[in-house]
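Accompanying notes for the structure given below.
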Amino acid sequence: MARGGKREKTPLPPGVHVWHGGFTCKLEPTTTHAQRCARLGGARRHVYNWMLDRVNTNNKTWQEQRAAGVPKEERVPPLDNRESHDVFKANFPDWWVEAKISFWVYRKAIDDCCTAFTKFTHGEASYPVQARKSSGEAKFSFQGNDVVLTEAGKIRLPTIGWVPIVGSPSNLADLRRKLRRGRAKLLRVTVRRHADGSWWVSGIIEHQARTQPKHPNPTNPVVGADRGLKTNTIAATSAGTVVAELGKLQQHKKDRNRIARLSRTVSRRYQPGKPAEEQSANYHKARKQLGKHHERTRLRRQDARHCLTKTLTTTSPVIVLDGVPTKMMLSNKHLARDTSAQGHYEIRRQLEYKALWSGGQVIVADQFYPSSKRCSQCGWVKPKLSLSERAFRCTHCGFTSDRDVNAAVNLAVWGETMLANPDLSPAAITGLLCVYPTPGTGTHPAGQEPTGSTPANHNNTSLCKPPPGGGVMGGSRPVRRSRTRLVPSEAGTVSDIVGD
Ligand SMILES: [Zn+2]
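Residues in the sequence shown are numbered consecutively from 3, following the numbering used here.
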């Protein structure tokens, strides 16, 4: 939906690199600040819903024209976000002008709506719905130039004023120093209200650095990180040493019971058919309490994830992740709730940007690499491994290990093979690492074939490509190429980074 060409960027001096970082902190607004924030949140919601209606009407017209047999060239064109900016600007509501709301608020709301539709078209999100006041969440953005962040412990937001910041985050002191010296600039600042009613501010920073990042511990080996349900993440080297572990992220039983009780209270106090504004005060009170508990759980989980990703990226220069998409794990209805609580994608996202900061890299293994089913000792791939089997027992060499540690070791091996053979495709590395021993060569315990193995999975060479038509996972799925993401280690030092 974007219009126009890309703007030419001024080339950087040699040896200078541009970095993007971010910060998040909690605000401590006064009642007036909170009211102003809520008003801006409402203005943003108004524009978002206005744009959503425009797109829906446009889509409907297009469909009607198609049904009526209008040629493709004569149907209504898709909406453009820049054109929508101009349309909204030409028809500002009176209250918008009176409140002197920043132009950035409506621009970002229109762009957000367009992004939501793009995500829907790419199959990454469901169809965009109207932003509702009753959801309790609100957000709006400003251009970085309009925000002042030079005073310790507070931030000045346009039309809101100086708002105190909770605590004194050390990364903000670092950022302030860079802003003062002109070594960094704020690109965008977003203010957001969370479910418990607290206000948070986050920003995107661009800064320049002269030095290349160098991992503080380059001798540390490649580490494989297996993400699962019983254990959130377990990281191990190819030698089998566990370097980091994060247990299953779940609510404590006490919290779970309290949330269930509060949810019941909210539904009991809800009066059907009435809009949110006409619901009772006690209903809103219960909703606020429920939001508070959800927020506490969210913060606790996020803290655990940050601890893990920081440990991993500062101790290991190369981190190998499994390539199984989280979407696939979410499709199991019995595991979906626990899977989404783990935040596997969030862990991957954090690892990717933190590895970049520390001079390391994150490799994502082939989607069809059987990291759980492969024996880390002999390379034998189990034809079947149920979720209830918590220990990995190799029927080929007798090796026994914890299931998750075995998977993490296999991922580390995948990463080492990939780095040693950069020309090989991910699928070829998977084929290289999965051994199919000759049947009846006497290497199996008591000369027996491993249970459940099929002749199709056994070739006469010890190292071979995966069997045609039957992937290494043992099913009928063909071996497909998957994306391997290498995060290049370019630019910047650890001290140059503003943490999040
Ligand atoms: Zn084995």
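Ideal Cβ positions, reconstructed from N, Cα and C, are used throughout, including at glycine.
- For His209, the enclosing beta strand (DSSP E) covers residues 201-211.
- Annotation note: the stretch 220-244 contains the following uninterrupted beta strand (DSSP E) runs of length 3 or greater, listed N- to C-terminal: 225-229, 233-239.
- DSSP, read as helix, strand or coil, puts Glu280 in helix.
- Taking 7 Å as the cut-off, one finds no heavy atom of ligand 1 near enough to the beta carbon of Cys436.
- In the structure shown, Arg392 adopts coil according to DSSP, grouped into three states.
- Cys27 has Val203 as its beta-bridge partners, per DSSP.
- Classified as buried, Val364 has 16 or more neighbouring CB atoms from the shown chains inside 10 Å of its CB.
- About 12 Å separates the Cβ atoms of Arg350 and Leu310, ruling out a contact at the 8 Å cut-off.
- Contact annotation: Arg405 and Ser360 have beta-carbon atoms that are not nearer than 8 Å.
- Inside the stretch 279-323, DSSP marks whole beta strand (DSSP E) runs of 3 or more residues at positions 320-323, from first to last along the chain.
- Not one heavy atom of ligand 1 lies closer than 7 Å to the C-beta of Phe119.
- The distance from the Cβ of Gly226 to that of Ala237 is about 7 Å, consistent with a contact at the 8 Å cut-off.
- Per the Cβ contact rule, the stretch 96-104 is not in contact with the stretch 119-133 (fewer than 3 Cβ pairs under 8 Å).
- With the rule of 3 Cβ pairs closer than 8 Å, the stretch 328-346 does not count as touching the stretch 197-209.
- When secondary structure is reduced to three states using DSSP, Phe122 falls in the helix class.
- For Thr192, the three-state secondary structure derived from DSSP is strand.
- Set against 7 Å, the gap from the CB of His398 to the closest heavy atom of ligand 1 is smaller.
- By the Cβ-count criterion, Asp228 is buried, with 16 or more other Cβ atoms from all chains shown falling within 10 Å of its own Cβ.
- Taking a contact as a CB-CB distance under 8 Å, the pair Leu29 and Val168 counts as one, their CB atoms being some 7 Å apart.
- Taking all protein chains shown into account, Asn423 has fewer than 16 neighbouring C-beta atoms within 10 Å of its C-beta and is therefore exposed.
- Straight-line measurement puts the Cα of Arg47 at about 8 Å from the Cα of Lys135.
- C-alpha of Thr152 to C-alpha of Pro171: approximately 14 Å in a straight line.
- Our two residues, Glu126 and Val89, have alpha carbons roughly 28 Å apart in a direct line.
- When DSSP states are grouped into helix, strand and coil, Thr402 belongs to the strand group.
- Setting aside the 5 residues that flank it on each side, Asp114 is surrounded in the same chain by Tyr50, each with a C-beta closer than 8 Å to its C-beta; the list follows chain order.
- The stretch 407-417 makes contact with the stretch 368-382; the number of CB pairs closer than 8 Å reaches 3 or more.
- For Cys27 and Ser204, the gap between their C-alpha atoms comes out near 6 Å.
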